[in-house]
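> After the structure tokens below, expect a handful of questions from me.
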Amino acid sequence: MKTTSQRIAQCFSNVFPNLSLDEIPRASTASVAAWDSVAHITLLSAIAEEFQFEFSPEDFEQLISFPLIADYVEQHINHG
Amino acid sequence: MKLNDALATIKGQNQTGSAKVHFLVCGCQPLHLATFLHAYLLQRFPDNRIEILTGLYGDFFGNLSKAADSSAAATAVIFEWNDLDPRLGLRSSGGWSKQSQEDILVTCRERFSRLVTAVQPLASRMPVVIAKPGLPIPPIGHTTRTQASWFELQLEEQLTSVLVQLSDISGVRIIQHSQLQELNAGVSALDAKMELVAGFPYTVPYASIVARTWVEVLYPLPPKKGLITDLDDTLWAGIVGEVGIEGISWDQQHHAQLHGLYQQMLGNLADCGVLIGACSKNELTVVQSALKRKDLFLNSENLFPVCAGWGEKSKSVGEILRAWNIGAQDVVFVDDDPMELSEVQRSFPETTCLLFPKNDPGKLWNLLGELRDLFGKPAITAEDQLRRSSLRAATQIRLNEHQADSSEFLRTLHGIVTFDYRKNSSDSRPLELINKTNQFNLNGRRMTEGEWRAALDERDSFVVVVSYEDKFGPLGRIATLIGARSGPSAFITHWVMSCRAFSRRLEYHTLECLFRHLDVEEVEFRFQATDRNQPLQDFFQHFGVHLNGSPTCRILRSQFLSRAELLPHQCHILNENH
């Protein structure tokens, strides 16, 4: 069974197919050129679908890297 | 399809396949609509590379123009109320006063008119599929939401009127919205948060369903060609051999309305050109008498052939397939007896076998819907109306085919073959022939509507549409050939002929016309053997052409003249000057 981090990484890989598995844990809007506003919405929508919850409008502005997203999802799952 | 599945599908697309470019026109951010459209197109064309072009956010009408100027093969369109007037969306604060409402109606009328004008040039270049507004009109008005307001009804009236106008434009297909709602199964179309955050107003499931429907409507599966129906307890209620001709029924009074509805459906399918045959375990004379009843909703003339006897039904189905000269995969068999269905299915695994649910109105309703989907096609051609009568004639011709001098027999038909070289992109019949003909088919290659139009636009290309009629009546347009001329040679990429036209030597006439009209010394064919194109292979072998796996084969004029059979019919040629 995949860990939460692996499931998030799979979503990253689907949205950014050119990112290697090594690069994904360090990915951020600053380091990934393809991470524009459209990719951002697509990525968060894919993660929301994967974990069956919704991001709030504020989350969209703040969740700008893999670590931030992973922390957010972990917290969301744990405090459900 | 889920969003993650769609993204994974796109990630895995074949990067080296030939590109199929599509334009997505909307006023919102394309986002998941583009993702799902891309993924569903990949499902339909797994060997191709799909490219989705989009326009600018908030510029729906400008994007329609961009699509018309693009290299796309087809366009998918969705518009919402706020594309007509921003005050009907969530991102505008222009006011919903009584005065504003009147102004909104005026604006919408003007924008709807502009929509028709903008779609016309687009549809003249490529097929266009349009989804009407799926988002609700804002809750404006003094009524509760369960009571329609005058304002809402006015908008809907304008919308309906414009959809009718759009559907009249050749190349335009409108999505059936009620079917979208059914597929959406109560899931809301509107995602208000995403609209405000990202300018994308649709929920993910709704975006998926719209995109899936776009692809289904743009690239429908080839329709089935014939339906073989059981009679007792299917076409009518009762066993005619037991209750007698007056004892069978299909009306509400006899609690047999399901059979009446089914008869009406078959009558409608027959009107649309679907072949309807019957097979029944009965005495033929009894069945023939029953089919003479004047109150049948299905004209018994539409049933051909009718096979009755006491043998296995699969034998009758085989007989009907031979009479129709079509494959088992193109046929639907309907019977109320699961055992009969199973017996036919075992002999013809490719046939679609459906149970007639004689005691379940809900399931009957679903069956009728399924039949519509199996036989549905974007447009009806004149040939659809001719198919049934021409099949009867074909049966008679096949009976004479093996006579000692069949040339003499063919001459007595007084056939007239017309070769039409005029290019007409709005004529759907040649493309229909290319995409559904299997037996006399040069290579089995299918074409999209966009590819067809592009082929017509090529400078040196030519298209021949062959029509035929004889003393038995017209067969309509029964063959199509696409190619290009280069010096003394003609190169043929597509050549198909309907199986209804077999045994009349029309293929010889076609080749003769090519040599004569194009004045070429050789014709080269992009041939490929398929599981089904043996009739075409036989034709080539008649000229001594060796089909040894090479991607092309050729016939020289001298070769043709030395081996061509006697040509029995009169020929006419139509070109741009006629």
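Residue numbers (the working numbering), protein chains in the order written: chain L, 1 to 80; chain U, 1001 to 1578. Heads up, the beta-carbon is just placed ideally off N, CA and C, and yes, glycines get one too. Predicted model, so just to flag it, every value in this text is computed and none were measured.
Please list the terminal residues of the continuous beta strand (DSSP E) segment that includes C1353/U.
Segment T1352 to L1355, the beta strand (DSSP E) holding C1353/U.
> If you drop the 5 nearest sequence neighbours on each side, which residues of the same chain put their C-beta closer than 7 Å to that of Q1263/U?
Only L1235, W1250, L1296, F1297 and L1298 meet the Cβ criterion.
> Taking DSSP's pairing of strands, which residues face D1335/U in a bridge?
Per DSSP, L1355/U.
> By the 10 Å Cβ neighbour count, where 16 or more other Cβ atoms means buried, how is V1287/U classified, buried or exposed?
The residue is buried, with at least 16 neighbouring Cβ atoms inside 10 Å.
> Apart from the five residues just before and just after I1175/U, which ones in its own chain have a Cβ nearer than 8 Å to its Cβ?
Answer for I1175/U: V1129, I1130, A1131, K1132, V1210, T1213, W1214 and V1217, listed in chain order.
> Taking 9 Å as the CB-CB limit, is V32/L close to chain U?
So, not an interface residue.
> Is Y1594/U helix, strand or coil when you go by DSSP?
An answer regarding residue 1594/U cannot be provided, because it is not within the stretch 1001 to 1578 covered by chain U.
> At a CB-CB cut-off below 7 Å, which residues of chain U make contact with F60/L?
Those are V1197, listed as they occur along chain U.
> Counting only runs of 3+ residues fully inside the stretch 1074-1103 of chain U, write out the beta strand (DSSP E) ranges in chain order.
Taking only runs of at least 3 residues, the beta strand (DSSP E) segments lying wholly in the stretch 1074-1103 of chain U are 1074-1078.
> Can you find a C-beta in chain L that's less than 9 Å from the C-beta of A1270/U?
No, A1270/U lies away from the interface with chain L (no Cβ there is under 9 Å from its Cβ).
> Output the distance between the C-alpha atoms of P1535/U and A1501/U, rounded to the nearest integer angstrom.
Cα to Cα, the separation comes out at about 12 Å.
> R1477/U and E1383/U - do their beta-carbons sit closer together than 9 Å?
Yes, the Cβ-Cβ distance between E1383/U and R1477/U is below 9 Å.
> Between D1460/U and S1486/U, what straight-line distance do the alpha-carbon atoms span, to the nearest angstrom?
Taking the straight line from one Cα to the other gives about 8 Å.
> Is it right to say S1178/U is buried, meaning 16 or more other beta carbons lie within 10 angstroms of its own, or is it exposed?
So S1178/U ends up on the exposed side.
> Suppose you measure from the CA of Q1543/U to the CA of S1503/U; what does that come to, to the nearest Å?
With the sequence shown as reference, residue 1543/U is identified as Phe, and Gln is not the correct amino acid for it. Cα to Cα, the separation comes out at about 17 Å.
> Does the beta-carbon of S1471/U have 16 or more other beta-carbons within 10 angstroms, so that it is buried, or is it exposed?
For clarity, residue 1471/U is Lys in the given sequence; the question names Ser instead. By the neighbour-count rule (16 or more Cβ atoms within 10 Å), K1471/U is not buried but exposed.
> What separation, rounded to the nearest whole angstrom, lies between the Cα atoms of L1105/U and W1150/U?
Approximately 11 Å between the Cα atoms of the pair.
> Let me confirm a value: V1463/U is counted as buried when at least 16 other C-beta atoms fall within 10 Å, else exposed. Which label applies?
So V1463/U ends up on the buried side.
> Take I24/L and list the residues in its own chain whose beta-carbon comes closer than 7 Å to its own, dropping the five residues that flank it on each side.
Answer for I24/L: A9, F12, S13 and F66, listed in chain order.
> Under a Cβ-count criterion, where at least 16 other Cβ atoms within 10 Å of its own Cβ denotes burial, should Q1101/U be classed as buried or exposed?
When all chains shown are included, Q1101/U counts as buried.
> Which same chain residues, not among the five before or five after D1047/U, have their C-beta less than 7 Å away from its C-beta?
Excluding residues within five positions, the ones whose Cβ falls inside 7 Å are N1014 and G1017.
> Going by the CB atoms, is the gap between T1448/U and A1072/U shorter than 9 Å?
Not in contact: A1072/U and T1448/U (Cβ atoms no closer than 9 Å).
> So, using beta-carbon positions, are E1350/U and G1327/U closer together than 9 Å?
Going by C-beta atoms, E1350/U is nearer than 9 Å to G1327/U.
> Could you tell me how far apart the beta carbons of P1138/U and L1088/U are, in whole angstroms, since I believe they sit closer than 8 Å?
Contact flag correct, Cβ pair sits at about 6 Å.
> Measure from the C-beta of V15/L to each C-beta in chain U and report whether the shortest distance is under 9 Å.
With 9 Å as the cut-off, V15/L counts as an interface residue toward chain U.
> Identify, in the order they occur along the chain, each residue of the same chain with its Cβ nearer than 6 Å to the Cβ of S1065/U, setting aside the five sequence neighbours on each side.
Same-chain partners within the cutoff: there are none.
> Is it buried or exposed, A1068/U, if we count other Cβ atoms within 10 angstroms and call 16 or more buried?
It is buried - the Cβ of A1068/U has at least 16 other Cβ atoms within 10 Å.
> Got a sec? Which residues, its chain only, sit under 7 Å from A1404/U by beta carbon, not counting five neighbours each side?
Note on A1404/U: pLDDT 45, under 50, position unreliable in the model; no value is reported.
> Return yes when the Cβ of R1526/U is within less than 9 Å of the Cβ of L1433/U, no when it is not.
Against a cut-off of 9 Å, the Cβ pair of R1526/U and L1433/U comes out as no contact.
> Measuring only between beta-carbons, confirm whether I41/L sits less than 9 Å from chain U.
At least one chain U Cβ lies under 9 Å of I41/L.
> Taking the alpha-carbon positions, what's the H1578/U to K1315/U distance?
With a pLDDT of only 47 at H1578/U, under the threshold of 50, the placement of this residue in the model should not be trusted; the figure read from the coordinates follows. Straight-line Cα distance between these residues: approximately 50 Å.
> Can you round the beta-carbon distance between N1435/U and R1532/U to whole angstroms, since I take them to be within the 8 Å contact cut?
With 8 Å as the limit, N1435/U and R1532/U do not qualify as a contact, their Cβ atoms being about 14 Å apart.
> To the nearest angstrom, report how far apart L1374/U and D36/L are at their CA atoms.
Their Cα atoms are separated by approximately 43 Å.
> Could you name the residues of the same chain whose beta carbon sits closer than 6 Å to that of L1084/U, not counting the 5 residues immediately before and after it, in chain order?
So the qualifying residues of the chain are C1108 and R1111.
> Let me know if M1126/U comes out buried or exposed under the rule of 16 or more other beta-carbons within 10 Å of its beta-carbon.
Burial call: buried.
> Anything in chain U within Cβ reach of E89/L, meaning under 8 Å, just list it in chain order.
The requested residue 89/L does not occur in the structure, where chain L is confined to residues 1 to 80.
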